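Right, one structure below, let's go through it.
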Amino acid sequence: MVELKPGARFQSTVCTTEVIVVKGSGEADLTCGGAAMVPAGTGEVSGSPAADAADGTLLGKRYSDEADTIELLATKAGDGSLAVGGTALAVAQAKTLPASD
Amino acid sequence: MNLMMLLEMAANGLEDRVAVGSSDGGITYRQLFEHAGEAAARFRADPGAKVVLCDESSPAVPVALFGAAWAGMPYVPLNYRLPDDDLCALADRSAPGVAIADDAGAGRLRGVDGLTAVTRDEFLTDRAGGAAPAEPGDWSMDPDEIAVLLFTSGTTGAPKSAVLRHKHLVSYILGSVEFMGAGEDEATIVSVPPYHVAGVSAMLSSVYAGRRIVQLPKFDPDQWIDLVETEGVTHAMVVPTMLSRIVEALDARGGEPMLGVRALSYGGGKMPEAVIRRALELFPITNFVNAYGLTETSSTIALLGPDDHRLAQYSEDEGERARLKSAGRPLPGVEVSIRDDDFNELPTGEVGEIFVRGEQVSGEYLEKGSLLDSDGWFPTRDGGYLDEGGYLFVQGRNDDVIIRGGENMSPGEIEDVLLTDERVKDAAAIGVPDTEWGEKVVAAVVTHGECSESELQDLVRARLRSSRVPAHVVFVDELPYNDTGKLLRRVLREDLAHLGDDPTG
Numbered sequence: 016m017v018e019l020k021p022g023a024r025f026q027s028t029v030c031t032t033e034v035i036v037v038k039g040s041g042e043a044d045l046t047c048g049g050a051a052m053v054p055a056g057t058g059e060v061s062g063s064p065a066a067d068a069a070d071g072t073l074l075g076k077r078y079s080d081e082a083d084t085i086e087l088l089a090t091k092a093g094d095g096s097l098a099v100g101g102t103a104l105a106v107a108q109a110k111t112l113p114a115s116d
Numbered sequence: 017m018n019l020m021m022l023l024e025m026a027a028n029g030l031e032d033r034v035a036v037g038s039s040d041g042g043i044t045y046r047q048l049f050e051h052a053g054e055a056a057a058r059f060r061a062d063p064g065a066k067v068v069l070c071d072e073s074s075p076a077v078p079v080a081l082f083g084a085a086w087a088g089m090p091y092v093p094l095n096y097r098l099p100d101d102d103l104c105a106l107a108d109r110s111a112p113g114v115a116i117a118d119d120a121g122a123g124r125l126r127g128v129d130g131l132t133a134v135t136r137d138e139f140l141t142d143r144a145g146g147a148a149p150a151e152p153g154d155w156s157m158d159p160d161e162i163a164v165l166l167f168t169s170g171t172t173g174a175p176k177s178a179v180l181r182h183k184h185l186v187s188y189i190l191g192s193v194e195f196m197g198a199g200e201d202e203a204t205i206v207s208v209p210p211y212h213v214a215g216v217s218a219m220l221s222s223v224y225a226g227r228r229i230v231q232l233p234k235f236d237p238d239q240w241i242d243l244v245e246t247e248g249v250t251h252a253m254v255v256p257t258m259l260s261r262i263v264e265a266l267d268a269r270g271g272e273p274m275l276g277v278r279a280l281s282y283g284g285g286k287m288p289e290a291v292i293r294r295a296l297e298l299f300p301i302t303n304f305v306n307a308y309g310l311t312e313t314s315s316t317i318a319l320l321g322p323d324d325h326r327l328a329q330y331s332e333d334e335g336e337r338a339r340l341k342s343a344g345r346p347l348p349g350v351e352v353s354i355r356d357d358d359f360n361e362l363p364t365g366e367v368g369e370i371f372v373r374g375e376q377v378s379g380e381y382l383e384k385g386s387l388l389d390s391d392g393w394f395p396t397r398d399g400g401y402l403d404e405g406g407y408l409f410v411q412g413r414n415d416d417v418i419i420r421g422g423e424n425m426s427p428g429e430i431e432d433v434l435l436t437d438e439r440v441k442d443a444a445a446i447g448v449p450d451t452e453w454g455e456k457v458v459a460a461v462v463t464h465g466e467c468s469e470s471e472l473q474d475l476v477r478a479r480l481r482s483s484r485v486p487a488h489v490v491f492v493d494e495l496p497y498n499d500t501g502k503l504l505r506r507v508l509r510e511d512l513a514h515l516g517d518d519p520t521g
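Residue numbers (the numbering used here), protein chains in the order written: chain P, 16 to 116; chain A, 17 to 521.
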């Protein structure tokens, strides 16, 4: 279990994935590659993602749960895929705001 | 959070794509990342200091901005166009620090205690200044550290330093820009100076989107047009006076439409309707964006998008056409509330002060602290209203409101009417002291062709209440603007004070 809050950063322990929380708060069972994620910079990477959680995480994509209560932004790509409470997170729709500066 | 997170992602995702400069020979994202690490090493040799930039646009701007973020030091771009005394006063307030400047600027800053001046050329050839480059990733992720200090333009009183923390700027970028959202062929031309908030946000949003930055150090409409063509520019941000001059230059060249520009955004002041309507014709397939924002809100908080522009251009419906004068709708992460003098929220359509709230809103000054209320709302000092579609109409600074006989009037409504006369190129309404009414309305206009005072007074009388009719109309060659296109009403009030009759005013 980790404590989610906007701006908090977490890393995978089985691949190179890192994320920053855009939306979400409170305790969550956040995993990547099937293994619990830990606060960024606090864990070693060993082993490899579980076979059923190895679809990969793409740099710069946003991932959210079905209820859209959690949104994570991938700041580093990796081979593992993200999940909360055992349910995989999906790539969120890209924002289509026009460039303003 | 740290601005470096944005550049690190771009360096990892875009690698050898060009970030700044020409498509052949420019600086790549990977190089920009390395250069920032070298600059950070130089900056860290002076702990507790700031990174001051007193220079026009050059590749040193993004290197200094990201290098400062990496080093954990505030980045402070100064207005190099200020007279020596004013510049040195701001530099003095920014010391201690490292100051990057062009040769002339370095000379001007040499007398400032605590500032070490480095010329731009020296900085760009030896970024680290002999130090070993910083370790990738060793920047602070404390979201509350100060990223950028921007002196507000001080159209009233002495400049104040607006504080933008890493959390404000990173929230703005994450909330409004899609990572690597730009195609490899996209390039944006940056013609606003580095000390303008748009000069900062342009660096951040372009890097995060993966859009190549082309810099135009001294704005000139012909150079702008030529650079757009030679550099394959697809995106641009301009202030209203720039667009007005680009439109004039294009017309002088025969009025050929510019087809290569895919997106053109404008903001930073009031856009005359005639200029934007002509621009829509000269850029017939361009996506126009009107962005409204303040320094204290990390740039854009509301925008009027491309579809609304074309609808306003072609529609027969007055309401849809009128939206060309609006700032559009708030960004997804931003809330807008219109309040009266007692801070009560006003209903749709009523004019009050614009309040904003959101992660990107700083509302803080070094000198005065935070101006946010206990619920996080920032009073912008701008007047305006929301229409039934949620479109925000900005009516100018509350400090500019003219109070005649107890009646508040916005200069904007009088100016809009004056500008409907085709002979009026530019107009400003101000209040001057008046013993009977407290203030009376004076209009300064720039015209082409014959045009009399009484004609313009009649025009206002026909469209607005008689209290709005200017007591005097003064014909001038040009109105006073600062170099980023903001009308200097204070200067105008001083110039026209003799028309008032209150000697104590």
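Beta carbons: idealized from backbone N, C-alpha and C, even for Gly. Please read these numbers as outputs of a predicted model, since none were measured by experiment.
Status (buried if at least 16 other CB within 10 Å, exposed otherwise) for residue i
i	result
methionine 16/P	exposed
threonine 520/A	Note that threonine 520/A scores a pLDDT of 47, beneath 50, so its modelled location is shaky; the value from the coordinates is reported in the next line. Exposed, since its Cβ has fewer than 16 Cβ neighbours within 10 Å.
alanine 8/A	A query on residue 8/A cannot be resolved here, the shown segment of chain A reaching from 17 to 521 and no further.
lysine 234/A	exposed
glutamate 375/A	buried
tyrosine 330/A	exposed
glycine 174/A	Looking at the sequence shown, residue 174/A is not glycine but alanine. Exposed, since its Cβ has fewer than 16 Cβ neighbours within 10 Å.
glutamate 494/A	exposed
aspartate 324/A	buried
phenylalanine 139/A	buried
histidine 184/A	buried
serine 221/A	buried
leucine 20/P	Per the sequence shown, the amino acid found at residue 20/P is lysine instead of leucine. Burial call: exposed.
glycine 49/P	buried
valine 291/A	buried
valine 106/P	exposed
histidine 182/A	buried
threonine 451/A	exposed
histidine 464/A	exposed
Proximal residues of chain P, C-beta to C-beta of residue i below 8 Å
i	result
asparagine 28/A	Leu74, Lys91, Ala92
threonine 500/A	Correct list: empty, because the minimum Cβ distance to chain P is about 13 Å.
alanine 225/A	Ala114
Opposing strand residues paired with residue i [DSSP bridges]
i	result
methionine 425/A	Ile418/A
glutamate 42/P	Glu18/P
cysteine 70/A	Ala117/A
methionine 253/A	Val206/A, Ser281/A
alanine 443/A	Val461/A
lysine 456/A	Val448/A
tyrosine 401/A	Phe409/A
glutamine 26/P	Glu33/P, Val53/P
proline 93/A	Leu69/A
alanine 144/A	The partner list for alanine 144/A (beta bridge, DSSP) is empty, contrary to what the question assumes.
arginine 181/A	Ile162/A
Under 7 Å from the C-beta of residue i: neighbouring residues of chain A
i	result
glycine 22/P	Met17, Pro159, Lys183
aspartate 116/P	Ala214, Ser217, Ala218, Ser221, Met253, Ser281, Ala307, Ser315, Thr316
valine 37/P	Leu190
leucine 88/P	Leu190
For residue j and residue i, believed in contact at Cβ under 8 Å, the rounded distance
i	j	result
alanine 307/A	aspartate 116/P	7 Å
alanine 115/A	alanine 107/A	7 Å
proline 112/A	leucine 131/A	7 Å
arginine 397/A	alanine 444/A	About 18 Å; that fails the 8 Å criterion.
glycine 93/P	serine 40/P	Wrong, their Cβ atoms sit about 24 Å apart, outside the cutoff.
serine 378/A	valine 230/A	Not a contact, Cβ separation roughly 29 Å.
Chain-ordered neighbours of residue i on chain A, where CB pairs are closer than 9 Å
i	result
valine 60/P	Correct list: empty, because the minimum Cβ distance to chain A is about 14 Å.
Residues that residue i contacts on chain P, provided the C-beta gap is smaller than 9 Å
i	result
glycine 392/A	Here the premise fails: no neighbours, minimum Cβ distance about 14 Å.
alanine 150/A	Result: empty, since nearest Cβ-Cβ is about 16 Å, beyond 9 Å.
methionine 258/A	Going along chain P, no residue has its Cβ under 9 Å from methionine 258/A, so there is no contact; the nearest lies around 14 Å.
Contact list for residue i against chain P, beta-carbon separation under 7 Å
i	result
asparagine 303/A	Pro113
glycine 321/A	Pro113
alanine 343/A	Here the premise fails: no neighbours, minimum Cβ distance about 11 Å.
methionine 25/A	Leu74, Gly75, Thr90
Beta-carbon neighbours of residue i, restricted to chain A and to distances below 8 Å
i	result
aspartate 44/P	Simply none; closest approach about 24 Å.
Any contact between the region 409–428 of chain A and the region 371–387 of chain A? By contact I mean 3 or more CB pairs, one from each, below 8 Å.
no
Measuring CB atoms only, is the region 494–505 of chain A touching the region 244–259 of chain A, in the sense that at least three cross pairs come out at less than 8 Å?
yes
Inter-stretch contact at 8 Å, needing at least 3 Cβ pairs: the region 484–492 of chain A / the region 443–459 of chain A
Three or more beta-carbon pairs separated by less than 8 Å link the region 484–492 of chain A to the region 443–459 of chain A, which places the two stretches in contact.
Taking three-plus beta-carbon pairs below 8 Å as touching, is the region 399–416 of chain A in contact with the region 348–365 of chain A?
yes
Taking three-plus beta-carbon pairs below 8 Å as touching, is the region 79–94 of chain A in contact with the region 207–221 of chain A?
Touching, yes, given that three or more Cβ pairs across the two stretches are closer than 8 Å.
So does the region 186–203 of chain A actually touch the region 94–105 of chain P, counting three or more Cβ pairs closer than 8 Å?
In the pairwise beta carbon analysis, the region 186–203 of chain A is classified as not touching the region 94–105 of chain P: fewer than three pairs are separated by under 8 Å.
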